[in-house]
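Worksheet: the structure to be examined is printed underneath.
There are 2 protein chains.
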Amino acid sequence: MNYTEKTVLTEVKYEGNIIDVERITVELPNGKIATRDVVRHVGAAVVIPIDEDGNIYVVEQYRKPFDEVLLELPAGKLDSPDEDPALCAERELKEETGLTAEKIEKVAAIYTTPGFSDEIIHMYMATGLKQGASCTDEDEFLSCKKFQLKELVQMVINNKIKDSKTIIGILYADRLNR
Amino acid sequence: MNYTEKTVLTEVKYEGNIIDVERITVELPNGKIATRDVVRHVGAAVVIPIDEDGNIYVVEQYRKPFDEVLLELPAGKLDSPDEDPALCAERELKEETGLTAEKIEKVAAIYTTPGFSDEIIHMYMATGLKQGASCTDEDEFLSCKKFQLKELVQMVINNKIKDSKTIIGILYADRLNR
Chain P
1 MNYTEKTVLT
11 EVKYEGNIID
21 VERITVELPN
31 GKIATRDVVR
41 HVGAAVVIPI
51 DEDGNIYVVE
61 QYRKPFDEVL
71 LELPAGKLDS
81 PDEDPALCAE
91 RELKEETGLT
101 AEKIEKVAAI
111 YTTPGFSDEI
121 IHMYMATGLK
131 QGASCTDEDE
141 FLSCKKFQLK
151 ELVQMVINNK
161 IKDSKTIIGI
171 LYADRLNR
Chain A
179 MNYTEKTVLT
189 EVKYEGNIID
199 VERITVELPN
209 GKIATRDVVR
219 HVGAAVVIPI
229 DEDGNIYVVE
239 QYRKPFDEVL
249 LELPAGKLDS
259 PDEDPALCAE
269 RELKEETGLT
279 AEKIEKVAAI
289 YTTPGFSDEI
299 IHMYMATGLK
309 QGASCTDEDE
319 FLSCKKFQLK
329 ELVQMVINNK
339 IKDSKTIIGI
349 LYADRLNR
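Protein sequences, first through last, are from chains P and A.
Oh and the first sequence: position 59 is 59 in my numbering, straight run, nothing missing.
Oh and the second sequence: position 156 is 334 in my numbering, straight run, nothing missing.
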């Protein structure tokens, strides 16, 4: 069965700091016309920094859409569509936690919200961690914390951790550590 | 430490079918001014329908942002901000798979992409499944499939499944079934 929705018209409705928004008119498989809202995002990288004692480093960060401070794995958006996500992962790890990693391994690529956005988050496991100086962006306000993996798994199960990429990273790490 | 970003100005930049977009001017904790793109979404529900033999029902669905067919757990957006997400979960389960459930239990609330959107997905485990007639929306093109939980876990590990809510649902089900 062919589900393809052919693009009839693409209108750029908003160009923002980190997203652009398109309204796309499509032809459905039955020939009818419909419109789709699509949020374009350059993509991002997220890191699971795990040390030899089973500690994972996370950051507390204010998120305007919820007006809440959330606990998240270190992450950030690509500098450009061509940036190697592994380099982005290393950069964000250093900026947000001060850590460098001997080994950065790709775990997965995640579509955060395919119903309305093309954002892809590239997920990496970082091991062989060394603490250097943190060099957080001047206007980025966050604090770095570390927890035992099993504590974080409990926080996921209790739904204390709500961010999807962080839930996935912790459950992945838990599975790989069995 | 106080990370709060005070709202200075909210401008609605786009009003779409399933999202609205705001540009919010904020005052950072250091007094500087910045802007945030915020995609407003009414919220959604996702269901993990698992039968007595350990099969989970998923749907294949075309997603315009990626121009790809994705394998996802049954899900859909709330009819209104006031809709009980459990009712939304039951409705979407019926519409997308034809199934009804004796028991619908809340598992978690997930923030899909807190960097730029306030979308919350309410996740439910559905058990005591009964097959009725499917009543898919006329303009919704999808097909329902069932897999053993362990097959789906393998598809998550191999990154064949990319949708974040689906990855989370499968890893949750896997954890709860140990």
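C-beta atoms are modelled at their ideal positions from N, C-alpha and C, and glycine is treated no differently.
These numbers were taken from a predicted model, which means no experiment stands behind them.
Proximal residues to residue i (C-beta, below 7 Å), its chain only, five neighbours per side dropped
{"i": "residue 347 (chain A)", "result": "224, 226, 251 and 301"}
{"i": "residue 96 (chain P)", "result": "59, 74, 136, 142 and 144"}
{"i": "residue 181 (chain A)", "result": "207"}
{"i": "residue 307 (chain A)", "result": "227, 229, 277 and 279"}
{"i": "residue 326 (chain A)", "result": "232 and 233"}
{"i": "residue 92 (chain P)", "result": "45, 47, 74, 75 and 76"}
Distance between beta carbons of residue j and residue i, contact taken as under 8 Å
{"i": "residue 342 (chain A)", "j": "residue 164 (chain P)", "result": "4 Å"}
{"i": "residue 162 (chain P)", "j": "residue 214 (chain A)", "result": "In fact, because the Cβ distance is near 19 Å, the residues do not count as touching under 8 Å."}
Same chain, Cβ closer than 8 Å to residue i, five either side skipped, listed in chain order
{"i": "residue 132 (chain P)", "result": "94, 98, 99 and 100"}
{"i": "residue 18 (chain P)", "result": "41, 42 and 77"}
{"i": "residue 194 (chain A)", "result": "none"}
Nearest candidate by alpha-carbon position, reference residue i, set the options
{"i": "residue 174 (chain P)", "options": "P:35, P:21, P:107 and P:65", "result": "P:107"}
{"i": "residue 114 (chain P)", "options": "A:188, A:240, A:264 and A:230", "result": "A:240"}
{"i": "residue 8 (chain P)", "options": "P:34, P:148, P:88 and P:19", "result": "P:34"}
{"i": "residue 345 (chain A)", "options": "P:109, P:129, P:119 and P:125", "result": "P:109"}
{"i": "residue 298 (chain A)", "options": "A:290, A:203 and A:304", "result": "A:290"}
{"i": "residue 105 (chain P)", "options": "P:37, P:172 and P:5", "result": "P:172"}
{"i": "residue 88 (chain P)", "options": "P:16, P:32 and P:126", "result": "P:126"}
{"i": "residue 210 (chain A)", "options": "A:339, A:184, A:195 and A:188", "result": "A:184"}
{"i": "residue 158 (chain P)", "options": "A:261, A:354, A:268 and A:197", "result": "A:354"}
{"i": "residue 324 (chain A)", "options": "A:245, A:249 and A:194", "result": "A:249"}
{"i": "residue 27 (chain P)", "options": "A:196, A:197 and A:245", "result": "A:245"}
Cβ-based neighbour list, residue i, same chain, cut-off 6 Å, excluding 5 preceding and 5 following
{"i": "residue 14 (chain P)", "result": "21"}
{"i": "residue 263 (chain A)", "result": "223 and 300"}
{"i": "residue 216 (chain A)", "result": "200 and 202"}
{"i": "residue 334 (chain A)", "result": "345 and 348"}
{"i": "residue 189 (chain A)", "result": "201"}
{"i": "residue 69 (chain P)", "result": "60 and 62"}
{"i": "residue 103 (chain P)", "result": "127 and 128"}
{"i": "residue 160 (chain P)", "result": "none"}
Chain C contact residues for residue i, given Cβ-Cβ distances below 7 Å
{"i": "residue 64 (chain P)", "result": "Of the chains in the structure shown, none is chain C; the protein chains are P and A."}
Decide if the region 67-81 of chain P is in contact with the region 40-55 of chain P; the criterion is three or more beta carbon pairs, one per stretch, under 8 Å apart.
yes
Only counting runs of 3 or more residues, tell me where the beta strand (DSSP E) segments fall wholly within the region 250-306 of chain A, in order along the chain.
253-255 and 277-289
Is the number of C-beta pairs between the region 143-155 of chain P and the region 55-63 of chain P that are closer than 8 Å three or more?
yes
Give, in chain order, every unbroken run of the beta strand (DSSP E) that is at least 3 residues long and sits entirely within the region 181-232 of chain A.
184-193, 197-205, 211-219 and 222-227
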